[in-house]
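Q: Just so it is clear: in the sequence shown, position 553 is 553 by the working numbering, and no numbers are missing. Idealized CB from N, CA, C, for every residue including glycine. Just so you know, these numbers come straight off a predicted model, no measurement behind them. Here's a structure for you.
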Amino acid sequence: MGVSNLYVLVLFSLLLTPTFAAKKSYIVYLGTHSHGKNPTADDINRARNHHHNFLGSFFGSVKKARDSISCSYGRHINGFAAILEEEHAQQLAKHPEVLSIFLDEGRKVQTTRSWDFLGLEKDNVISQNSAWNKGRFGEDVIIGVIDSGVWPESKSFSDEGMGPVPLRWRGICQNDTHYGFQCNRKLIGMRYYNQGQIEHARAQNSSFYPTPEHSTARDLDGHGTHAASTAVGNFVANVSVFGNGYGTAKGGSPRARLASYKSCWNVNGQPLDCRDSDILSAFDDAIHDGVDVLSVSLGEPSHKNTEYFKDAIAIGSFHAMMHGILVVAAAGNEGPKPDTVVNLAPWLLTVGASTMDREFTSYVTLGDEQIFKEIMQGPLTQHSMIGNLECNPGAIDPKKINGKILLCMNHTHGIDKSQLAAQAGAAGLILVNPKQLENESLPLPYHLPTSLVEFDDAQSIIAYNNSIKNPVASVSDVKTEFNTKPSPQMTFFSSRGPSTINPNIIKPDITAPGVEIIAAYSEAVAPSKSPSDDRRIPFNACFGTSMSTPHISGIAGLLKTLHPDWSPAAIKSAIMTTATTTDHTGKNPITDYDGLKATPFEYGAGHVNPNSAMDPGLVYDLSFYDYLSYICSRGYNQSIINNFTTPEIHSCPKSFSILDFNYPTIAIPDLNESVTITRRVKNVGTHNSSYEANVEGVDGVSVVVEPNNLSFTEYGEERTFKVTFTPERNVEPKPKAEKYIFGKLIWSDSDGLHH
Numbered sequence: 001m002g003v004s005n006l007y008v009l010v011l012f013s014l015l016l017t018p019t020f021a022a023k024k025s026y027i028v029y030l031g032t033h034s035h036g037k038n039p040t041a042d043d044i045n046r047a048r049n050h051h052h053n054f055l056g057s058f059f060g061s062v063k064k065a066r067d068s069i070s071c072s073y074g075r076h077i078n079g080f081a082a083i084l085e086e087e088h089a090q091q092l093a094k095h096p097e098v099l100s101i102f103l104d105e106g107r108k109v110q111t112t113r114s115w116d117f118l119g120l121e122k123d124n125v126i127s128q129n130s131a132w133n134k135g136r137f138g139e140d141v142i143i144g145v146i147d148s149g150v151w152p153e154s155k156s157f158s159d160e161g162m163g164p165v166p167l168r169w170r171g172i173c174q175n176d177t178h179y180g181f182q183c184n185r186k187l188i189g190m191r192y193y194n195q196g197q198i199e200h201a202r203a204q205n206s207s208f209y210p211t212p213e214h215s216t217a218r219d220l221d222g223h224g225t226h227a228a229s230t231a232v233g234n235f236v237a238n239v240s241v242f243g244n245g246y247g248t249a250k251g252g253s254p255r256a257r258l259a260s261y262k263s264c265w266n267v268n269g270q271p272l273d274c275r276d277s278d279i280l281s282a283f284d285d286a287i288h289d290g291v292d293v294l295s296v297s298l299g300e301p302s303h304k305n306t307e308y309f310k311d312a313i314a315i316g317s318f319h320a321m322m323h324g325i326l327v328v329a330a331a332g333n334e335g336p337k338p339d340t341v342v343n344l345a346p347w348l349l350t351v352g353a354s355t356m357d358r359e360f361t362s363y364v365t366l367g368d369e370q371i372f373k374e375i376m377q378g379p380l381t382q383h384s385m386i387g388n389l390e391c392n393p394g395a396i397d398p399k400k401i402n403g404k405i406l407l408c409m410n411h412t413h414g415i416d417k418s419q420l421a422a423q424a425g426a427a428g429l430i431l432v433n434p435k436q437l438e439n440e441s442l443p444l445p446y447h448l449p450t451s452l453v454e455f456d457d458a459q460s461i462i463a464y465n466n467s468i469k470n471p472v473a474s475v476s477d478v479k480t481e482f483n484t485k486p487s488p489q490m491t492f493f494s495s496r497g498p499s500t501i502n503p504n505i506i507k508p509d510i511t512a513p514g515v516e517i518i519a520a521y522s523e524a525v526a527p528s529k530s531p532s533d534d535r536r537i538p539f540n541a542c543f544g545t546s547m548s549t550p551h552i553s554g555i556a557g558l559l560k561t562l563h564p565d566w567s568p569a570a571i572k573s574a575i576m577t578t579a580t581t582t583d584h585t586g587k588n589p590i591t592d593y594d595g596l597k598a599t600p601f602e603y604g605a606g607h608v609n610p611n612s613a614m615d616p617g618l619v620y621d622l623s624f625y626d627y628l629s630y631i632c633s634r635g636y637n638q639s640i641i642n643n644f645t646t647p648e649i650h651s652c653p654k655s656f657s658i659l660d661f662n663y664p665t666i667a668i669p670d671l672n673e674s675v676t677i678t679r680r681v682k683n684v685g686t687h688n689s690s691y692e693a694n695v696e697g698v699d700g701v702s703v704v705v706e707p708n709n710l711s712f713t714e715y716g717e718e719r720t721f722k723v724t725f726t727p728e729r730n731v732e733p734k735p736k737a738e739k740y741i742f743g744k745l746i747w748s749d750s751d752g753l754h755h
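In structure tokens form, the structure reads like this:
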């Protein structure tokens with residue numbers, strides 16, 4: 001009876017569905033254009049007209065189609081964004097010319113010490129073996145950043161000492177009348193894309209009207225400036241954040257050129273949002289403009305991970321790869337849960353976040369002389385202390401806490417709590433980390449002196465606070481400490497594998513510093529992002545995979561300068577296969593935020609090692625056609641492949657195992673019987689060299705490499721080998737929680753120079 005009633009209610013609600021369904025913004029992806037790599041203005045106009053006519057055939061009116069299309073991709077990506085009813089979207093999806101159609105959704109945005117930690121310098125001295133010297137500091141490589149724009153006046157983007165803009169550059173400096181600025185020989189291009197964001201805002205509020213802040217390439221948020229300067233920022237001396245981290249700020253490729261593509265906006269007071277249609281426009285222009293590397297610190301929520309050709313970043317980066325551009329993207333900030341990594345396409349270089357060996361610390365001293373080492377913005381002389389477990393709006397009584405140190409449980413929304421405490425007249429704030437994050441303290445631009453204490457320390461502080469009538473505490477000056485251990489260590493927020501799209505591809509690919517990264521910032525916004533905060537700073541310390549991503553982009557720029565003929569896959573392989581899985585002592589494995597041993601699902605191939613990446617010896621290379629074969633193995637048919645090439649040039653292979661895709665890692669899901677995979681390595685080291693294989697780990701599995709020795713006589717020569725994995729039957733089955741087994745295959749040359 002209950003089931004029958006439920007059916008009736010569901011059917012009734014369907015019958016009451018309005019005749020005119022709500023319109024939404026969709027992206028219609030048609031593949032690539034036939035006009036080649038250097039389209040003319042006429043080519044672009046023809047593409048736009050084709051989009052109008054194509055959609056008009058469904059509407060019955062070209063004019064309606066023209067009014068509906070918000071973005072037309074006419075350079076390299078073939079497709080358009082349009083406001084459609086679901087009925088039309090379904091009809092378009094069935095058309096043979098349409099590769100995919102998907103909703104135009106939003107993406108979220110995901111240093112004075114880090115380059116020293118990565119070995120590019122030591123105590124401000126740059127050795128001859130440094131990747132900076134080998135890669136000529138990224139001289140004249142062009143790195144594009146798709147983000148929230150940049151702050152052009154930052155010293156990080158000064159063109160002092162820079163030569164002429166490379167002749168191959170075809171981009172523009174898209175200025176505006178309200179926030180006027182100029183590009184220069186360092187910051188050679190700025191563009192902005194707002195049509196998708198405007199359409200989204202109007203869908204939320206029909207009376208929305210864009211203001212000048214919605215039509216500028218200038219960064220009004222800070223995220224894009226920080227990411228860009230981490231990748232390409234010049235050397236800027238005497239930098240600190242509120243007196244902390246004093247030193248010289250610089251990017252990974254400090255002599256590189258910067259092109260900024262603003263696709264992320266703050267609209268109606270909402271957090272930074274990046275619409276898929278605007279991101280695709282940015283990719284299309286960046287490919288045309290002539291960038292060498294693209295840095296994309298963006299990603300969708302992991303529960304929205306979808307097939308590659310329904311993913312704007314995967315589509316844009318696929319076209320970039322076709323044109324020899326490496327795209328570096330963030331793994332996401334949804335850790336420590338598994339299956340949360342985003343940006344899963346194999347042509348992307350996906351970056352997790354880890355710590356480095358620097359902390360900003362101070363000491364909290366209680367009235368009973370107990371002392372605790374904590375992360376702090378201070379100092380603070382002795383004050384009375386009061387506990388308030390909630391510290392939420394309405395729970396803080398200014399009469400009770402004025403002039404006192406406030407103790408707050410649960411370190412969430414810390415900046416908001418610090419603002420409430422400051423407004424109530426508190427002298428300082430102690431925030432307590434939850435038990436599950438007891439090893440993680442992330443310094444933020446708080447509104448008053450704030451100490452972040454570990455859960456166990458907090459219990460002692462709470463006990464003292466409750467034990468006497470007038471508890472007091474004081475805090476020492478902040479001290480910058482180096483060589484802290486363990487480091488690197490994976491952060492709790494860094495998203496984890498395995499991939500939810502294809503477990504045969506291990507993601508993330510690599511990890512890099514992503515905590516306490518000091519880099520340039522927008523002076524249009526407070527470091528706390530609070531409207532009531534009137535502080536403005538030229539440099540800020542930020543954390544996230546948004547910060548680790550441009551580290552890798554800068555390193556990729558060095559490799560592109562040193563090896564301009566290398567493919568994106570070769571650069572990616574060099575970075576991955578030279579990474580380290582030990583801490584900076586070289587003795588202990590990289591640990592996770594909880595102190596346990598980390599795995600490739602946290603760090604990918606390991607922690608980046610820039611100096612070794614410059615000379616990897618061997619690389620696992622991939623061509624555009626290798627990626628097409630991979631796409632075939634994912635179930636895409638020849639008609640889809642024909643959008644990118646012709647059957648005469650490349651057709652789907654009749655037999656292709658996804659296990660043989662020449663990726664720099666190997667993943668075998670559900671190993672129940674013997675499996676043999678094939679890989680191919682290219683010699684990029686000395687002409688006459690030989691390598692021997694060695695396998696480490698992989699407990700409970702027999703691993704045989706054939707041949708076990710490889711010899712090369714020429715640069716660029718390739719050799720193929722096979723690896724056979726056989727589960728050992730006499731090994732006890734592992735519990736489900738331990739079902740993954742990890743190991744390494746290491747090729748070492750006879751000189752001991754390359755591993």
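(1) Short of 8 angstroms in beta carbon distance, which residues of its chain neighbour Glu728, apart from the five on each side in sequence? Order them along the chain.
(2) Which term fits Asn683, buried or exposed, when burial requires 16 or more other beta carbons within 10 angstroms of its beta carbon?
(3) Quick check on Lys572: does DSSP put it in helix, strand or coil?
(4) Can you find the residues in the same chain that come closer than 6 angstroms, C-beta to C-beta, to Arg680, ignoring five residues on each side of it along the sequence?
(5) Check for me: the alpha helix (DSSP H) holding Gln91 runs from which residue to which?
(6) Cα-Cα, which of Asp285, Gly335, Glu334, Ser302 is closest to Ser317?
(7) Using C-beta distances below 7 angstroms, list every residue in its chain close to Asn439, excluding the 5 sequence neighbours before and after it, in chain order.
(8) If the criterion is Cβ atoms closer than 9 angstroms, does the pair Ser548 and Gly685 meet it?
(9) Going along the chain, which residues of its own chain have a beta-carbon closer than 8 angstroms to the beta-carbon of Asn129, five neighbours each way excluded?
(10) Exposed or buried, what is His383 when buried is set at 16 or more other beta-carbons lying within 10 Å of its beta-carbon?
(11) Hey, Tyr625 and Thr646: beta-carbon distance below 9 angstroms or not?
(12) Under the rule that 16 or more other beta-carbon atoms within 10 Å means buried, what is Asn470, buried or exposed?
(13) Let me confirm a value: Thr111 is counted as buried when at least 16 other C-beta atoms fall within 10 Å, else exposed. Which label applies?
(14) Measuring CB atoms only, is the region 633-641 touching the region 528-548, in the sense that at least three cross pairs come out at less than 8 angstroms?
(15) I'd like to know if the region 74-91 and the region 570-582 are in contact, where contact means that at least 3 CB-CB pairs between them fall below 8 angstroms.
(16) Looking at the structure shown, is Arg679 part of a helix, part of a strand, or coil, going by DSSP?
(17) Give every residue of the same chain whose Cβ lies closer than 6 angstroms to the Cβ of Ser240, excluding the five residues on either side of it in the sequence, and list them in chain order.
(18) Which same chain residues end up closer than 6 angstroms to Ala458 when comparing Cβ atoms and leaving out the 5 residues on each side of it in sequence?
(19) Determine the contact status of Ser302 and Ser229, defining contact as a CB-CB distance below 9 angstroms.
(20) Going by DSSP, what residue range makes up the beta strand (DSSP E) through Pro727?
(21) Could you tell me whether the region 267-283 touches the region 166-173, using the rule of 3 or more Cβ pairs below 8 angstroms?
(22) Is DSSP giving Ala259 helix, strand or coil here?
(23) Would you call the region 75-83 in contact with the region 504-520, where contact means no fewer than 3 C-beta pairs closer than 8 angstroms?
(24) Span of the alpha helix (DSSP H) holding Asp43?
(25) Going by the DSSP bridge assignment, what does Tyr663 pair with across the sheet?
(26) Where does Trp132 sit, in a helix, a strand or coil, going by DSSP?
(27) Which stretch, first to last residue, makes up the alpha helix (DSSP H) that contains Ala199?
(28) Alpha carbons only, please: which of Ser34, Trp132, Cys183, Asn194 is nearest the one belonging to Val267?
(29) Is the beta carbon of Thr726 closer than 9 angstroms to that of Glu706?
(30) Cutting at 6 angstroms between CB atoms, please list the residues of its own chain near Gly759, excluding the five before and the five after it.
(31) For Val472 versus Ile461, is the C-beta spacing smaller than 9 angstroms?
(32) Could you tell me whether the region 485-497 touches the region 213-225, using the rule of 3 or more Cβ pairs below 8 angstroms?
(33) Go through its chain and collect everything with a Cβ distance to Ile371's Cβ below 6 angstroms, but skip five positions before and after it.
(34) Buried or exposed, going by whether 16 or more other CB atoms sit within 10 Å of the CB of Pro564?
(35) Use the C-beta contact count for Gln197: other C-beta atoms within 10 angstroms, 16 or more gives buried, fewer gives exposed.
(36) Restricting to runs no shorter than 4 residues, where is the alpha helix (DSSP H) found entirely within the region 513-570?
A: Looking at the coordinates:
(1) Gly700, Val701, Ser702
(2) buried
(3) helix
(4) Asn662, Glu718, Thr720
(5) 86-93
(6) Asp285
(7) Reliability fails at Asn439, whose pLDDT of 47 lies under 50, so the model's placement of it is uncertain and no value is given.
(8) no
(9) Asn611
(10) buried
(11) no
(12) exposed
(13) Low local confidence applies: a pLDDT of 48 at Thr111 is under 50, so the model's placement there is unreliable, and no value is given.
(14) no
(15) no
(16) strand
(17) Tyr246
(18) Val432
(19) no
(20) 718-727
(21) no
(22) strand
(23) no
(24) 41-59
(25) BP columns for Tyr663 are empty, so no partner.
(26) helix
(27) The question names Ala, but residue 199 in the sequence shown is Glu. Residues 195-204.
(28) Asn194
(29) no
(30) An answer regarding residue 759 cannot be provided, because it is not within the stretch 1 to 755 covered by the chain.
(31) no
(32) no
(33) Tyr363, Thr365
(34) exposed
(35) buried
(36) 545-562
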